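S.K.: Position 13 (the sequence shown) corresponds to 17 in our numbering; numbering is contiguous. Sharing a structure, written as structure tokens. Questions coming.
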Amino acid sequence: MSERAEQILEAAKTGLVEAEYKSIESLRPKLLYNNIKKEILF
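Shown next as structure tokens:
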């Protein structure tokens, strides 16, 4: 594999990890909200 291709691959991997992390971060408030709702209801 060329050096350029390896750089692109690394950048893609990093981007995927960051995107995954951001989606987890955006889910966290929803999870917190659901937990609080459960505690109030039950």
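Glycine is no exception: its CB is placed at the ideal position from the N, C-alpha and C atoms. Computed from a predicted structure; not experimentally measured.
Output the distance between the C-alpha atoms of residue 35 and residue 14, rounded to the nearest integer angstrom.
M.R.: If you take the alpha carbons of residue 35 and residue 14, they lie about 31 Å apart.
S.K.: What would DSSP say about residue 6, mapped onto helix, strand or coil?
M.R.: DSSP places residue 6 in coil when its eight states are reduced to three.
S.K.: Rounding to the nearest angstrom, what Cα-Cα distance links residue 43 and residue 26 in this structure?
M.R.: Residue 43 and residue 26: Cα-Cα distance of roughly 27 Å.
S.K.: Between residue 38 and residue 9, what straight-line distance do the alpha-carbon atoms span, to the nearest angstrom?
M.R.: Cα to Cα, residue 38 sits roughly 44 Å from residue 9.
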